Structure formats: structure tokens, C-alpha cells
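Numbered according to this note's numbering, the sequence shown terminates at residue 243, and the numbering increases by one at each position without gaps. Glycine is no exception: its CB is placed at the ideal position from the N, C-alpha and C atoms. The structure presented is a predicted model; accordingly, all values stated were derived computationally and were not measured. Take a look at the structure below.
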Amino acid sequence: MSSVVSKSVDPYLIRRKADFQAFTVNPNDFKSLDGIIGGMDHNQPDYEESPTKRAARTEIIGAYRLLSGNFSIPTDRSLWSLCFSSQEIQQFVNSKLIDPSQYRGINRDRGLVDKLKLQQPTAKFYRGEWRTVVQELNSVPACIYFDSTQEIENRELQEEIACTMRLCPKETLLAVNVIVQNPQRGNHRLLDTKFGRFLANRFDGAYLNTWDLEGSAYEYKTNRTQMKTFLFWRLA
Ligand SMILES: C[S@@+](CC[C@H](N)C(=O)[O-])C[C@H]1O[C@@H](n2cnc3c(N)ncnc32)[C@H](O)[C@@H]1O
């Protein structure tokens, strides 16, 4: 299969991508990483927060900044997330990536969504299935954190990713978090994997060329679970 990265990509973007690939982080160093990215407010209480999870989100913030060249998401665009706790939105707000009003949190759990609405009244939260909610969101994303606990081979997850990709305008970062049960040895190009074949069947080559799907993936461990965040960048 030929490369999906467009040959006409702006050299500036390629340079940024090289920066980004060099941007690998030891989750234990997350505090020093805050120093690199800047703007983090360490006075914010986050008692239940795991440093590893925080570092994974910090990676996404850094990736968005490097790829877009924007320190903050433009005010007319938003950040969509499979939400869980208010620590997540606090981290995005404290790092100055977004204003709370730019956050769109989605979860199928009504109790959780009701609690988050009370905790973060200026953000927007929606109860429901991701695919149904995002198709009705009247909001233009710039960064999407699809923080799932499925494997990349899971067909339902693949359908969710394809549906979400269709809603991304240019210069959108789609971060897809997955569980890795069976780590593959060696470096496999994403498009040569089963997931890559799913995408190639779902979209035509011209459309896939508008995405950088090979940019980077960030791996980390929570408790005993190996996680991986694929970072997909919509170029044009
Ligand atoms: C891993 S947690 C999100 C954590 C959050 N991003 C954070 O950093 O704190 C994923 C949440 O999304 C919910 N969820 C998973 N798939 C969903 C879907 N397709 N639609 C709606 N909610 C979903 C799960 O029940 C869970 O509460």
C-alpha cells in the first residue's frame, strides 16, 4: 500500500512533525514536561489524578501545539472528549489550551454527566453514545480526545473512529486512546495493520491523503494495562 502522507505537505508541517516525533516523554517526568509546555497551574488540586494519565493528556496538548502552531485552540473551535472527571477539563483549561466554554464532554452515563455539569457549569456535557452525540454537535472541533478502553482491532471502535474522522475539518488533532492486549513486535505502519485496511476500505485514497495517520503514537502504562494513543492529524 502506498504512503498516505501527501507528497505536497508543507515543509513547515514536516519540520513540526519531526519536532513532534522527538517529543517522546517519560511519564514520570511529567512535571518537567509542564515546564516545556508552559502555562500549567500547579496550585490546582487533583488528588485522585494519576501522573501517568496527566502525562498522557499533556502529550496531546503538546502534539496539538506542535502540529497546529497554536498555543490555544482558536475561540471559534472546540475540544471534544470522552469525559470522565473534572480533572481532565481542569488540565486543559489550566494549561491554557482552552477556555471551559470550548469543552464538549460526552459520556453515556447520566449520573456522571449530571455531576460534571454541576462541577463545570461553563463547559458543555452531553449524555449519550459518542457517535450519536457528535453527529448532532453544533460545534467545530480542533482537538478530539477519544479516550477509549477498547482495542484498535475492535470493530465498534473502528466505526467510531471513522464516524469521528468525517467530522474533522482541516487542522484537527484526533487522539484515539486504546488498550494494547497483544503488543506487536517491530514497527508496523498503521495502514498495513487490520485497522489500516479498515480505513482503506472505508475511505478513498484522496480523502486518506488529507490525514497524517503515521504521525505518532504515545504509549503508557496504567496499573498493569498497556495503553496507546494514536495521534491523527487532519492536514487539509
Ligand atoms: C477512559 S474514560 C475517559 C477518561 C477521560 N478522558 C479522562 O482523561 O479523565 C472513558 C469513558 O467514556 C465512556 N464511554 C466509552 N465509550 C463510549 C461511547 N461510545 N459513548 C459514550 N460514552 C462512552 C466510558 O463509560 C467511560 O466513562
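(1) Is it the case that the Cβ atoms of cysteine 150 and leucine 86 are separated by a distance below 8 Å?
(2) How far does the beta strand (DSSP E) with valine 183 in it reach, from first residue to last?
(3) Could you tell me whether any non-hydrogen atom of ligand 2 is closer than 7 Å to the CB of arginine 84?
(4) What is the DSSP secondary structure of phenylalanine 91, reduced to helix, strand or coil?
(5) Consider the C-beta atom of serine 102 and the heavy atoms of ligand 1; say whether any pair is separated by less than 7 Å.
(6) Does DSSP put glutamate 56 in a helix, a strand or coil?
(7) Compute every distance between the C-beta of aspartate 116 and the non-hydrogen atoms of ligand 1, then say whether any falls below 7 Å.
(8) Rounding to the nearest angstrom, what Cα-Cα distance links arginine 241 and leucine 220 in this structure?
(9) In this structure, what does DSSP give as the bridge partners for threonine 232?
(10) Measure how close the beta-carbons of phenylalanine 153 and leucine 181 come, nearest whole angstrom, since I'm counting them as under 8 Å.
(11) Going straight from the alpha carbon of serine 108 to that of alanine 130, what length do you get?
Taking the coordinates as given:
(1) Counted from its first residue, the sequence shown places residue 150 at position 143. Counted from its first residue, the sequence shown places residue 86 at position 79. Yes. Within cutoff.
(2) Taking the sequence shown and counting its residues from 1, the one referred to as residue 183 is at position 176. Looking at the DSSP string, the run of the beta strand (DSSP E) that includes valine 183 is 179–186.
(3) Because ligand 2 does not appear in the structure shown, any question about it cannot be addressed here, the ligands present being ligand 1.
(4) The sequence position of residue 91 within the sequence shown is 84, counting from 1. In the structure shown, phenylalanine 91 sits in coil (DSSP, three-state: anything other than H, G, I, E or B).
(5) Within the sequence shown, the letter at position 95 stands for residue 102. Serine 102: no, Cβ never under 7 Å from ligand 1.
(6) Within the sequence shown, numbered from 1, the residue matching residue 56 stands at position 49. The answer is coil: DSSP assigns glutamate 56 none of H, G, I, E or B.
(7) Translated into the one-based positions of the sequence shown, residue 116 becomes position 109. Indeed, a heavy atom of ligand 1 lies less than 7 Å from the Cβ.
(8) Taking the first residue of the sequence shown as position 1, residue 241 is located at position 234. Taking the first residue of the sequence shown as position 1, residue 220 is located at position 213. If I take the Cα positions, the gap works out to 8 Å.
(9) As a first step, residue 232 is located in the sequence shown; it is residue number 225 there, counting from the start. Bridge partners of threonine 232: Thr229.
(10) Here the question's residue 153 lines up with position 146 in the sequence shown. Here the question's residue 181 lines up with position 174 in the sequence shown. 7 Å between Cβ atoms; contact.
(11) Indexing the sequence shown from 1 puts residue 108 at position 101. Indexing the sequence shown from 1 puts residue 130 at position 123. Each residue's alpha carbon lies about 5 Å from the other.
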